[in-house]
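This report refers to the structure that appears directly beneath it.
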């Protein structure tokens, strides 16, 4: 078991005196879901004339937020025994709500319970390693969407949970395209795990990079991109073949339109070359807007 405890000082936060405790708890719940954690209960303690301390109890430990509106300051404390992504990426909903910037980050060493009777082991991060510089440079930066995770740990069920937790159950039940996206996502995750298993330290050795994207206004509008180096490209091609049986690859997603996205399962791949290596970039999305954003950013790359 790996313990992850990170404390953030957020400065330059405007309008903290206007925030409600419920708004803070909602953003904390979104952060918990991104971490792959399970919220259990919450506590809101308001101060006079303004300011809050909020606690979200997790099955895996806790998230707390304390605000000082008079100073534009907030402290965010994330402690968990399991994190699918780096906490700095998971706190995006809180950063958007608070409106400030991270001024200081402190990682707190914590002793795992299973080692409590022994000398503590070297500190380990509760998230997977960073991608190598080449594969990471090929990950797209689409407009209008937010990257919520890079290189999430690739156990299939955990990967699925990280992405699918953002889709409300009633949306998944009512929309055929979103159900198709769930099926395609499992195929995608299983094949990417095969790449990771086939190459030791696939991330660090520049064989693999994965990112998860989300529309900041519509949580269910999601995208996933994997960059696979040529010497394990056969596994990426297997993923393309399997996905092709589930959904036709549609090269044209229409013109960019105003208004909310609509459910649309899409998948495609492109070949790229960088520093003498061949790469295949595989992607899929759950909405027409995400499909256009990913397709456009990869075409422009």
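Numbering (this note's numbering), first residue to last: 104 to 404. We treat Cβ as the ideally placed atom computed from N, Cα and C, and that holds for glycine.
Next item on the list: Tell me, to the nearest whole angstrom, how far the beta carbon of residue 315 is from that of residue 370; I am working on the premise that it is less than 8 Å.
Entry: The pair is not a contact, with the Cβ atoms about 15 Å apart (cut-off 8 Å).
Next item on the list: For residue 366, I'd like the list of residues in its chain whose CB is within less than 7 Å of its CB, leaving aside the five on either flank, ordered along the chain.
Entry: 278, 280, 281, 389 and 390
Check: Is it buried or exposed for residue 199, if we count other Cβ within 10 angstroms and need 16 for buried?
Finding: exposed
Next item on the list: Please work out which residues of its chain come closer than 6 Å, Cβ to Cβ, to residue 181, disregarding the five sequence neighbours upstream and downstream, and give them in chain order.
Entry: Closer than 6 Å at the Cβ level, and outside the excluded window around residue 181, lie 109, 166 and 190.
Notebook entry, point to check: Among all the DSSP beta bridges, which residues are the ones paired with residue 180?
Noted result: Beta-bridge pairing links residue 180 to 110 and 167.
Margin query: Comparing C-alpha positions only, which one of 158, 153 and 150 sits nearest to residue 143?
Written below: It is 158.
Margin query: Assuming contact is defined by CB atoms lying nearer than 8 Å, are residue 375 and residue 384 in contact in what I supplied?
Written below: yes
Next item on the list: Sort out for me which residues DSSP pairs residue 149 with in a bridge.
Entry: 155
Check: Does the beta-carbon of residue 133 have 16 or more other beta-carbons within 10 angstroms, so that it is buried, or is it exposed?
Finding: buried
Next item on the list: Have a look at residue 123 and residue 184 and give me their C-alpha separation to the nearest angstrom.
Entry: 28 Å
Check: If you compare alpha carbons, which of 213, 377 and 216 is closest to residue 240?
Finding: 377
Margin query: Could you check whether the Cβ of residue 237 sits closer than 7 Å to any heavy atom belonging to the ligand SAH?
Written below: Here there are no bound small molecules, and the ligand SAH is not part of this structure.
Notebook entry, point to check: For the candidate residues 321, 319, 317 and 327, whose alpha-carbon lies nearest to that of residue 289?
Noted result: 327
Margin query: Could you compute how far the alpha carbon of residue 206 sits from the alpha carbon of residue 329?
Written below: 31 Å
Notebook entry, point to check: Cβ of residue 155 within 8 Å of Cβ of residue 170?
Noted result: yes
Next item on the list: Could you check how far apart the C-beta atoms of residue 196 and residue 130 are, in whole angstroms? I think they sit under 8 Å.
Entry: 4 Å
Note to self: Measuring straight from C-alpha to C-alpha, what distance separates residue 397 and residue 243?
What the structure shows: 7 Å
Item checked: Helix, strand or coil at residue 394 [DSSP, three-state] -> helix
Checklist line | Exposure of residue 120, with buried meaning 16 or more beta-carbon neighbours within 10 Å | finding: So residue 120 ends up on the exposed side.
Next item on the list: Please look up how many angstroms separate the CB atoms of residue 318 and residue 364, rounded, as I've assumed it's under 8 Å.
Entry: 6 Å
Check: Taking the alpha-carbon positions, what's the residue 356 to residue 394 distance?
Finding: Bear in mind that a pLDDT of 48 at residue 356, under 50, signals an unreliable position, so the model cannot answer this.
Notebook entry, point to check: Taking the Cβ atom as the reference point for each residue, do residue 177 and residue 138 lie within a distance shorter than 8 Å?
Noted result: In this structure, the beta-carbon distance from residue 177 to residue 138 does not fall below 8 Å.
Next item on the list: Please name the residue, chosen from 135, 179 and 146, that lies closest to residue 193 on a Cα-to-Cα basis.
Entry: 135
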